[in-house]
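Read the structure below first, then the notes.
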Amino acid sequence: LEARLEQANLLKKVVDAIKDLVQDCNFDCNDSGIALQAMDNSHVALVSMMLKSESFSPFRCDRNIALGINLTSLQKVLRCANSEDILTLKAEDAPDVVNLVFESADSDRLSEYDIKLMDIDQEHLGIPETEYAANISMPSAEFQKICRDLMALSESVAIECTKEGVKFSCNGDIGSGSVTLRSHTNVDKPENNVEIDLTEPVALTFSLKYLVNFCKASGLSGQVKLCLSNEVPLLVEYGLASNSYLRFYLAPKIGD
Amino acid sequence: TLQQILLGLYFPSS
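So the sequence lines, in the order shown, correspond to chains S and W.
This note's numbering runs 90 ahead of the 1-based position in the first sequence.
This note's numbering runs 9 ahead of the 1-based position in the second sequence.
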């Protein structure tokens, strides 16, 4: 494997975003790119990352390899990069280590690190193609604020999507709260758009603890996509350049 | 929990 990423910061942000959900995971490398899939310890949330080969320049992967990496170790090494550094990931056949080289774009500094790999026997889950009943795109900062605000009142949030809009509401010991968003187009700042594409009304309840955790990815993308269908895990997607993505799935809370 | 069961049902091991 040899994969050069213009922005070391991208991988750093991805790792920062998922590190509290998953600890040890396989980075599956093949000629289409680098993918990661892992469930959190409680087995109610799933992280799925895809960095397509187009996100790298150049990208070369001659044989499929799984790089088992401890994310705390990877985070430590990625913190050694400067924010504008270029990152090249390298691994041999049947590797013991993954090699990370940081290059400064405007100086001649080159730093190099190896991270020891681990054997991770990870269950691989099939993620079905799903036509969701509601697809909502909204500013990622807005979603983060809603989740954080409602978490001050309750452990869970009800997300209801109708043709009127999307309503986030909660009920807790001190009282209740709700935020409703309607479709909104901002020509000057499209990252502020709210788009709601609905085929049938949806109402589901989720644990806010997980949603707040997913929102750590907000720095990766100005917009977040929420996809919901009744009795199906919620998909929270942060789109990255070149069709790469970071996705989180969360099983809804179901009545007692 | 039901949540765990649901995630397992929806994302079967492949």
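For each residue, glycine too, the CB sits at the ideal point set by N, CA and C.
How many Å lie between Ser-227 of chain S and Ile-217 of chain S at the Cα?
In a straight line, the C-alpha of Ser-227 of chain S is about 21 Å away from that of Ile-217 of chain S.
Beta-carbon separation of Leu-111 of chain S and Asn-303 of chain S under 8 Å?
For Leu-111 of chain S and Asn-303 of chain S, yes; Cβs fall inside 8 Å.
By how many angstroms is the C-alpha of Ser-268 of chain S removed from the C-alpha of Arg-238 of chain S?
Their backbone Cα atoms lie some 12 Å apart in a straight line.
Can you pull the chain W residues whose beta carbon is under 8 Å from the beta carbon of Asp-215 of chain S, in chain order?
Strictly speaking, residue 215 of chain S in this sequence is Leu, with Asp absent from that position. Phe-20, Pro-21, Ser-22, Ser-23, listed in chain order.
Measuring straight from C-alpha to C-alpha, what distance separates Val-187 of chain S and Tyr-19 of chain W?
C-alpha separation (whole angstroms): 34 Å.
Can a CB atom of chain W be found closer than 8 Å to the CB of Pro-148 of chain S?
No, no contact with chain W.
Could you tell me whether the segment 238-248 of chain S touches the segment 194-206 of chain S, where touching means 3 or more Cβ pairs closer than 8 Å?
Judged by Cβ distances under 8 Å, the segment 238-248 of chain S makes no contact with the segment 194-206 of chain S, as fewer than three pairs qualify.
Name the residue from S:Ser-201, S:Ala-156, S:Met-241, S:Leu-294 whose alpha carbon lies nearest to the alpha carbon of Ala-353 of chain S.
Limits of chain S in this structure are 91 at one end and 346 at the other, which puts residue 353 of chain S out of reach.
Which full runs of the beta strand (DSSP E) of 3+ residues lie inside the segment 146-212 of chain S, going along the chain?
Taking only runs of at least 3 residues, the beta strand (DSSP E) segments lying wholly in the segment 146-212 of chain S are 155-160, 176-180, 187-193, 200-206.
Can you list, in chain order, the residues of its chain with a C-beta nearer than 6 Å to that of Thr-270 of chain S? Leave out the 5 residues immediately preceding and following it.
If we look at Thr-270 of chain S and ignore the five residues flanking it on each side, its Cβ neighbours are Gly-255, Lys-257.
Determine the DSSP secondary structure at Gln-113 of chain S, reduced to helix, strand or coil.
Coil, per DSSP.
Determine the contact status of Gln-165 of chain S and Lys-109 of chain S, defining contact as a CB-CB distance below 8 Å.
Yes.
Per DSSP, what kind of secondary structure is Phe-20 of chain W in: helix, strand or coil?
In this structure, Phe-20 of chain W counts as coil in the three-state DSSP scheme.
Along chain W, which residues have their Cβ under 8 Å away from the Cβ of Ile-344 of chain S?
Per Cβ cutoff of 8 Å: Leu-11, Gln-12, Leu-15.
Beta-carbon separation of Ser-147 of chain S and Glu-96 of chain S under 8 Å?
Yes, the Cβ-Cβ distance between Ser-147 of chain S and Glu-96 of chain S is below 8 Å.
Can you check the segment 274-324 of chain S for any alpha helix (DSSP H) of at least 4 residues that lies completely inside it and give the ranges in chain order?
298-304, all fully within the segment 274-324 of chain S.
So, is Ser-308 of chain S buried or exposed, given that buried needs 16 or more other C-beta atoms within 10 angstroms?
The residue is buried, with at least 16 neighbouring Cβ atoms inside 10 Å.
When you compare each of S:Pro-185, S:Gly-265, S:Val-137, S:Met-139 to Leu-62 of chain S by their alpha carbons, which one comes out closest?
Given a span of 91 to 346 for chain S in the structure shown, any question on residue 62 of chain S remains unanswerable.
With DSSP as the reference, identify every bridge partner of Ile-249 of chain S, one or two as the case may be.
Looking at the DSSP assignment, Ile-249 of chain S forms a beta bridge with S:Phe-258, S:Leu-294.
DSSP state of Ala-331 of chain S, grouped into three classes?
Ala-331 of chain S falls in the helix class under three-state DSSP.
Going by DSSP, name the residue or residues bridged to Tyr-339 of chain S.
Answer is S:Leu-136, S:Leu-325.
Go to Gln-234 of chain S, then tell me how far its alpha helix (DSSP H) extends in each direction, as first and last residue.
Its alpha helix (DSSP H) spans residues 230-241.
Roughly how many whole angstroms lie between the Cα atoms of Lys-315 of chain S and Arg-272 of chain S?
Lys-315 of chain S and Arg-272 of chain S: Cα-Cα distance of roughly 15 Å.
Can you pull the DSSP bridge partners for Arg-272 of chain S?
Arg-272 of chain S pairs with nothing; no bridge assigned.
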